[in-house]
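Novice: Here it is, the structure in full.
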Amino acid sequence: MEQLETFRSEVRQWLEDNCPQSQRSLAAPEEQYWGGRQGSFASEDARLWFERMRERGWTAPEWPTAYGGGGLNPQQARILKEEMKRINARTPLYSLGIWMLGPALLEYGNEAQKQQHIRAIVNGEIRWCQGYSEPGSGSDLASLQTRAEDMGDHYLVNGSKIWTTSADKSDWIFCLVRTDPAAKKQEGISFLLIDMASPGVSVTPIELISGESEFCQTFFDNVKVPKENLVGELNKGWSIAKALLVHERKLMSEMGSDSPREQVPPTVAAREYLPFEDGKIADAQLRSDLVDYEMQMQAIALTHFRTFEERAAKVHSAAPLVMKYAGTEAEKVKSELLLAIMGSRGLGWEGEGFSASELDTLRLWAMSKAMTIAGGTSEVQLNVIAKNALQLPQS
Amino acid sequence: MALVLNEEQRLLQDTARDFLAERAPVEALRKLRDARDDTGYDPALWREMCELGWASITLPEAYGGLEFGFAGLGLVIEQSGRTLTASPLFASAVLGASAILLGGSEQQKEQWLPAIAAGEVTTALALEESHHHRPQQIDTTLTPAGDGYTLNGSKCFVLDGHSADQLLVVARSSGERDSRDGLSLVLLPRDSAGVSVQRTIMADSRNAANIRFEQVNVPAEAVIGEAGAAWPVLEAVLDRGRVAMAAEMLGLAKESFERTVAYLKERKQFGALIGSFQALQHRAAQIQVELELCQSVVLQALSVVDEQPEQLPLMASLAKAKLNELAKRVTNEAVQMHGGIGVTDELEIGFFLKRARVAMQILGDTGFHKDRYASLCGY
Ligand SMILES: Cc1cc2nc3c(=O)[nH]c(=O)nc-3n(C[C@H](O)[C@H](O)[C@H](O)COP(=O)(O)OP(=O)(O)OC[C@H]3O[C@@H](n4cnc5c(N)ncnc54)[C@H](O)[C@@H]3O)c2cc1C
Ligand SMILES: Cc1cc2nc3c(=O)[nH]c(=O)nc-3n(C[C@H](O)[C@H](O)[C@H](O)COP(=O)(O)OP(=O)(O)OC[C@H]3O[C@@H](n4cnc5c(N)ncnc54)[C@H](O)[C@@H]3O)c2cc1C
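Note that the protein sequences, when read in sequence, are chains A and B. The C-terminal residue of the first sequence carries number 396 in the working numbering, and the numbering is unbroken. The C-terminal residue of the second sequence carries number 474 in the working numbering, and the numbering is unbroken.
Written out as structure tokens, the structure reads:
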């Protein structure tokens, strides 16, 4: 306890000394640093902040120091997070490598793979994207068809992936590929790392209802992949994929509390956009919707803390399993609530007549629809809870 | 750590669970109901519960207490929600003991707290005057007379009102009808002259009463705290009660849900276990989500009582509103998912359904607490 408090005051002091003032506010999308070969810093301060954090391994606080990580235990990592949040410090490096691939590589990768990839992730040198979904395989991911044939000294990959977030800006892709077409569907899948600079890889961006083109379709046409890029055993990729999905869902359930975009909190929006009578929002329906949302968010936040405490105390509960569903559904409620509070001022698409935050609110409302689909849909989450938490019989 | 139980707390929880499952299962409540038992609970059982220390968990050692904190009491109450155990735990150990602890003089504490802890004295809080929880709308009057006071008025929905030895009465010394100012709290024997008690039989087969006070003489030393200035103490007592009731509802919700999930794994229709139908799976999974959230809310609310009392009003309203909603949803689904037998008296699910409805009204319904939460947040 005392040690943790000492750690907290050290962290606080270090952040105070090292986090530039300009890095103590929410980062707009164009201000985020995602690393990689195409990565660039929005400002000299952003570079400074990133480099200082990287030096301490705090781009990946809980990873082993042997690979450049911060070596913190879960309690310390939580303190770092809290202290960063306290001063609104930006995430120095946004990265699927940190959030998703890294933890799986640390668990399933061989030493050479860890040496090759982990430090490059911590240092932001390589940007990764995720190649799971295919046009014919979404929720039923295990039915995927992209083939990797054993050609003796390499694998030959053919097929296509879809909804690949930021494929056009990434350097490498971690893929699920079919290596044994004859086996039961989960048993013929392998986990493969592919350099996107390889001949035969191409990407096409896809425009979303939010107006952005965050994701792409990724094509593989006779792509040669070295055999050492296989992670874990051949045909055992499914268990790695599942472990990785746990990280993805955890991440998505936390997204709301760490949203990169300036979205006005509903209580603040209420004061700006709604008439009050006797200290209360005059519109009884909106007041009631707002209090429902606020209560739900407080309950979710407390449950997040509980999962932290349980992890530290090595206590097992069903709480982590429900967070993706609860968090992303609440984000949708929040976005709908903001539109309702802002009325027609929340419906501006672009240009004059609307503030930047009003325009962002609408775009984020559109994005919120994607969050209950990405990383396993809400319906699939409920299936998982029914099966794993309640152990209900499967049909 | 507030959101994970420590070793001692887990032990207490297990002890309570085992004791109640053996000595006071739902079947015991059914027997009290069917026998139209006069007391409405088993006094011998209550003495045993007191011997286990349950009425003294939160009290300071100086008054015979265990100083184990409100979180500990909450765990016991949660377990009593699983078995729907009728006892003075809520009215005496939570409401009565808190009022005297928070508002009483040193002499009152010494007189009453050890007696409540030992199960020798039971109390009831006579607060409500209408069919909705409105703790400030008090018309019962406390007027100075001689060295003491005279009490006049009537109360309803007084939990344990017909069985308690002592009544804690909320009365108005001064001020407008809906004002927080001018309220008083007095403690007097139920058998005082001028007190008439009418026991009411309610849906949950537990104890409640309507009580009239006609020209009741109240000695000066019966006032808890300062006459006319009871609101801060009363509000803190009510918030403790709300958190405790939320803990009971958490136990009630878990138990009825677990029984329902078990039924989904044993009942077959259309050649399959009904738990394999996705229409039921998704509803059950959504309840699991809400249960997890409510678990965190209750644990936090309990620890706030002990550690951050300044946050208690907000957390108490969060907990009561959330658990009201959960208890309603779970008990409705529990009945529905049991099909035809769900609506029979033989199946115990109906007892959970009925207790939930009464618990939802105790110390504030969902609307009351949402309104209060919003007001506390400034909107
Ligand atoms: C913003 C965003 C980013 C993404 N990024 C990536 C990425 O980087 N890499 C990647 O590989 N993928 C990515 N995805 C893809 C994502 O994983 C899939 O969209 C998701 O798994 C759903 O698959 P689908 O779109 O094919 O929908 P489908 O599986 O076709 O689902 C259609 C509907 O049917 C429902 N449904 C399906 N099966 C069941 C069932 N068994 N029970 C009940 N209902 C069911 C679904 O819930 C949904 O409502 C992303 C998606 C989004 C929205
Ligand atoms: C007040 C009352 C009066 C009645 N009177 C009569 C009468 O006069 N004569 C008579 O013959 N019967 C009568 N019944 C019986 C009634 O028709 C049955 O209770 C009803 O058909 C449900 O069957 P069950 O009780 O066996 O529930 P079950 O079929 O076991 O259902 C249990 C739960 O599983 C759900 N479930 C079952 N199958 C599926 C599925 N495929 N998909 C999703 N969910 C499913 C149900 O919706 C329910 O929630 C009466 C019932 C009641 C409550």
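Using N, Cα and C, we set each Cβ at its ideal position, and we do this for glycine too.
Measuring alpha carbon to alpha carbon, tell me which residue in A/I163, A/E150, A/L338 and A/G328 is nearest A/P182.
Specialist: Taking the first sequence and counting its residues from 1, the one referred to as residue 182 of chain A is at position 181. Among A/I163, A/E150, A/L338 and A/G328, the Cα nearest to that of A/P182 is on A/E150.
Novice: Using CA coordinates, which residue listed in A/Y274, A/Q392, A/G376 and A/Q264 is at the minimum distance from A/A357?
Specialist: Taking the first residue of the first sequence as position 1, residue 357 of chain A is located at position 356. Residue A/Q264 is the option with its Cα nearest to A/A357.
Novice: For B/E224, I'd like the list of residues in its chain whose CB is within less than 8 Å of its CB, leaving aside the five on either flank, ordered along the chain.
Specialist: For the purposes of this step, residue 224 of chain B is taken as residue 129 along the second sequence, with counting starting at 1. The answer, listed in chain order, is Q232, I233, D234, T235, G248, S249, K250 and C251.
Novice: With 16 other CB atoms within 10 Å as the buried threshold, where does B/P314 fall?
Specialist: What you label residue 314 of chain B is simply residue 219 of the second sequence in a count that begins at 1. Looking at its Cβ environment, which holds fewer than 16 other Cβ atoms inside 10 Å, B/P314 is exposed.
Novice: Would you say B/L154 and B/Q104 are within 7 Å of each other, going by their C-beta atoms?
Specialist: Your numbering for residue 154 of chain B matches position 59 in the second sequence. Your numbering for residue 104 of chain B matches position 9 in the second sequence. No, the pair does not count as a contact, with Cβ atoms beyond the cut-off.
Novice: When the cut-off is 7 Å and only beta carbons count, does A/L5 lie next to chain B?
Specialist: Counting from 1 along the first sequence, the entry for residue 5 of chain A is found at position 4. Taking Cβ atoms only, chain B never reaches closer than 7 Å to A/L5, which makes this a no.
Novice: DSSP state of A/E135, grouped into three classes?
Specialist: Here residue 135 of chain A is taken as the residue at index 134 of the first sequence, counted from 1. A/E135: strand per DSSP, three-state reduction.
Novice: Going by DSSP, which residues form a beta bridge with A/P227?
Specialist: Counted from its first residue, the first sequence places residue 227 of chain A at position 226. A/H155.
Novice: From the beta carbon of B/L458, is the nearest beta carbon of chain A less than 7 Å away?
Specialist: Reading the second sequence from its first residue, position 363 is the one you call residue 458 of chain B. Chain A, which has no Cβ nearer than 7 Å to the Cβ of B/L458, makes this no.
Novice: Would you please verify whether the beta carbon of A/A331 is less than 7 Å from any beta carbon of chain B?
Specialist: Position 330 of the first sequence, counted from the first residue, corresponds to residue 331 of chain A. No, because no Cβ of chain B sits closer than 7 Å to the Cβ of A/A331.
Novice: Measure the beta-carbon distance from B/Y136 to B/N305 and round it to whole angstroms, keeping in mind my assumption that it falls under 8 Å.
Specialist: Numbered from 1 along the second sequence, position 41 holds the residue referred to as residue 136 of chain B. Numbered from 1 along the second sequence, position 210 holds the residue referred to as residue 305 of chain B. Not confirmed; about 19 Å, so no contact.
Novice: Can you tell me whether B/A342 is buried or exposed, with buried defined as 16 or more other CB within 10 angstroms of its CB?
Specialist: What you label residue 342 of chain B is simply residue 247 of the second sequence in a count that begins at 1. Its Cβ being crowded by 16 or more others within 10 Å, B/A342 is buried.
Novice: Can you tell me whether A/S258 is helix, strand or coil according to DSSP?
Specialist: Taking the first residue of the first sequence as position 1, residue 258 of chain A is located at position 257. Confidence at A/S258 is low in this model, with a pLDDT of 47, below 50, so its placement is unreliable and no value can be given for it.
Novice: Go through its chain and collect everything with a Cβ distance to B/A336's Cβ below 6 Å, but skip five positions before and after it.
Specialist: Translated into positions along the second sequence, residue 336 of chain B becomes position 241. The sequence as given places Gly at residue 336 of chain B; Ala does not occur at that position. Hits under 6 Å: V189, L190 and L458.
Novice: Consider the Cβ of A/T304: report whether some Cβ of chain B lies at a distance smaller than 7 Å.
Specialist: Taking the first sequence and counting its residues from 1, one reaches residue 304 of chain A at position 303. A/T304 counts as touching chain B.
Novice: May I ask you to check if the CB of A/S254 is nearer than 6 Å to at least one heavy atom of ligand 1?
Specialist: Along the first sequence, read from residue 1 onward, the residue named residue 254 of chain A stands at position 253. Not under cutoff, so the answer is no.
Novice: Alpha helix (DSSP H) containing A/D18: first to last residue?
Specialist: Counting from one through the first sequence, the residue named residue 18 of chain A turns up at place 17. E3 to N19 is the extent of the alpha helix (DSSP H) around A/D18.
Novice: Just by C-beta distance, which residues in the segment 34-60 of chain A are closer than 7 Å to chain B?
Specialist: Within the segment 34-60 of chain A, no residue qualifies.
Novice: Is the closest heavy atom of ligand 2 to the C-beta of B/F39 under 6 Å?
Specialist: For chain B, the structure presents residues 96 to 474; residue 39 of chain B sits outside this window and is missing.
Novice: Do the segment 449-458 of chain B and the segment 314-330 of chain A meet, that is, are 3 or more Cβ pairs less than 8 Å apart?
Specialist: The segment 449-458 of chain B vs the segment 314-330 of chain A: no contact.
Novice: Out of A/M85, A/E213, A/R128 and A/G352, state which residue places its alpha-carbon closest to the alpha-carbon of A/M101.
Specialist: Position 100 of the first sequence, counted from the first residue, corresponds to residue 101 of chain A. Of the listed residues, the one whose Cα sits closest to A/M101 is A/R128.
Novice: Quick one, which residues of the segment 272-294 of chain A are near chain C if we go by CB-CB under 8 Å, in chain order?
Specialist: The question asks about chain C, but that chain is absent: this structure's protein chains are A and B.
Novice: Is A/G352 near ligand 2, in the sense that its beta carbon is under 6 Å from a heavy atom of that ligand?
Specialist: For this step, residue 352 of chain A is matched to residue 351 along the first sequence. No; taking the cut-off as 6 Å, the Cβ of A/G352 has no heavy atom of ligand 2 nearer than that.
Novice: At 4 residues or longer, and completely inside the segment 15-58 of chain A: list those alpha helix (DSSP H) runs for me, N to C.
Specialist: Here the runs fully enclosed are 45-56.
Novice: Hey, is B/S371's beta-carbon within less than 7 Å of any beta-carbon in chain A?
Specialist: Numbered from its first residue, the second sequence carries residue 371 of chain B at position 276. Closer than 7 Å to some Cβ of chain A, the Cβ of B/S371 qualifies, so yes.
Novice: Just the Cα atoms here: how many angstroms apart are A/K237 and A/F192?
Specialist: Residue numbering aside, residue 237 of chain A sits at position 236 when the first sequence is read from its first letter. Residue numbering aside, residue 192 of chain A sits at position 191 when the first sequence is read from its first letter. Each residue's Cα considered, the two are about 8 Å apart.
Novice: Please list, in chain order, all residues of the same chain as B/E443 whose beta carbon is under 7 Å from its beta carbon, the five residues on each side excluded.
Specialist: Translated into positions along the second sequence, residue 443 of chain B becomes position 348. Correct list, in chain order: V121.
Novice: Which partner residues does A/N236 have in the DSSP bridge list?
Specialist: Here residue 236 of chain A is taken as the residue at index 235 of the first sequence, counted from 1. DSSP lists no partner for A/N236.
Novice: Return no unless some Cβ of chain B is closer than 7 Å to the Cβ of A/Q299.
Specialist: Locating residue 299 of chain A in the first sequence gives position 298, where the first residue counts as 1. By this cut-off, A/Q299 is an interface position.
Novice: Which term fits A/R87, buried or exposed, when burial requires 16 or more other beta carbons within 10 angstroms of its beta carbon?
Specialist: The residue you call residue 87 of chain A lines up with position 86 of the first sequence. The residue in question, A/R87, is exposed, as its Cβ has fewer than 16 Cβ neighbours within 10 Å.
Novice: Measure how close the beta-carbons of A/Y95 and A/W35 come, nearest whole angstrom, since I'm counting them as under 8 Å.
Specialist: On the first sequence, position 94 is the one that residue 95 of chain A refers to. On the first sequence, position 34 is the one that residue 35 of chain A refers to. That pair is a contact at about 5 Å.
Novice: Where in the segment 350-384 of chain A do unbroken runs of the alpha helix (DSSP H), each at least 4 residues long, occur, reported from the N-terminal end onward?
Specialist: Listed in chain order, they are 357-372.
Novice: Pull out every residue of the segment 353-385 of chain A whose Cβ sits closer than 9 Å to any Cβ of chain B, in chain order.
Specialist: Cβ contacts with chain B: E380, Q382, L383, N384 and V385.
Novice: Strictly under 7 Å for the Cβ-Cβ distance: is A/G387 near chain B by that measure?
Specialist: For this step, residue 387 of chain A is matched to residue 386 along the first sequence. Residue 387 of chain A is actually Ala in this sequence, not Gly. By this cut-off, A/A387 is an interface position.
Novice: Residue range of the alpha helix (DSSP H) that B/W149 falls in?
Specialist: Taking the first residue of the second sequence as position 1, residue 149 of chain B is located at position 54. Run containing B/W149: none; DSSP gives neither H nor E here.
Novice: With 16 other CB atoms within 10 Å as the buried threshold, where does A/M152 fall?
Specialist: Taking the first residue of the first sequence as 1, we reach residue 152 of chain A at position 151. By the neighbour-count rule (16 or more Cβ atoms within 10 Å), A/M152 is not buried but exposed.
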